[in-house]
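Peer 1:
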Amino acid sequence: MAITAKHRARLQLRADTRLDPTSALAIVKAATGTVKGGGASLLTSGIMNIGAQVHINGETASRLQLSITSGKRLIRLCTFSAEVVSEGGRTQLRVGGLETYRTNQAHFFYVIPAGPKAIAGMDPYKRFLDAIRQVVQQQDPSAQVSVDTPEV
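In this note's numbering, the protein residues as written are 222 to 373.
Dropping the structure here:
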């Protein structure tokens, strides 16, 4: 069974940490400046996605609204959010699950081969989640961090 784009879009980071909520969101904010480029074809143009970047679109005390866009923010590739919840001295951080995303599919002589569509911006999204995972684990070695697709 092929994994669909819809299934892959549910990929998210979940962390249970002793960091306070403000620090956890600060890690996410800092990671937005570190991940650039995707190396994959942008939509169907064949243009390399070297300018893809993570941006903060909105912010509250417990939530960031984020997007990955093409270079110079011309095309929004995907949107997602980061949320923190504090309870019992622990902070739960959740980043992702793509809320909106663009897909493309390879063409071979005007024939679309069988297989799942590619999500534009997925490579920088995965690197973004991994960058957050690394920093959370550095700042709180006891943190339980997972980057995966949750079961429904």
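No residue lacks a Cβ here, since even glycine has one placed at the ideal position from N, Cα and C.
All figures in this text were calculated on a predicted structure; none of them were measured in a lab.
Might you give, ordered along the chain, the residues of its own chain that have their beta carbon closer than 6 Å to the beta carbon of residue 301, omitting 5 neighbours on each side?
Peer 2: For residue 301, same chain residues with a beta-carbon under 6 Å away, outside a window of 5 residues either side, are 287, 317, 319, 320 in chain order.
Peer 1: Just reading off the alpha helix (DSSP H) that residue 226 is part of, what are its end residues?
Peer 2: 226–229 is the span of the alpha helix (DSSP H), which, as asked, contains residue 226.
Peer 1: Since residue 245 contacts residue 253 with CB under 8 Å, what's their CB separation in whole angstroms?
Peer 2: About 14 Å; that fails the 8 Å criterion.
Peer 1: Spatial neighbours of residue 303 within its chain, please: CB distance less than 6 Å, with the 5 preceding and 5 following residues excluded, ordered by chain position.
Peer 2: 249, 285, 316
Peer 1: From what residue to what residue does the alpha helix (DSSP H) around residue 244 run?
Peer 2: 242–252
Peer 1: Report buried or exposed for residue 229, applying the criterion of at least 16 other Cβ atoms within 10 angstroms of its Cβ.
Peer 2: buried
Peer 1: Span of the alpha helix (DSSP H) holding residue 357?
Peer 2: 343–360
Peer 1: Please list the terminal residues of the continuous beta strand (DSSP E) segment that includes residue 311.
Peer 2: 311–317
Peer 1: Does residue 280 come out as helix, strand or coil in the three-state DSSP assignment?
Peer 2: Residue state, collapsed to three classes: strand.
Peer 1: Taking the alpha carbon of residue 325 as the reference point, which residue from 341, 356, 312, 313 has its own alpha carbon closest?
Peer 2: Considering only 341, 356, 312, 313, the residue with the shortest C-alpha distance to residue 325 is 341.
Peer 1: Since residue 367 is in the beta strand (DSSP E), which residue starts that stretch and which ends it?
Peer 2: 365–369
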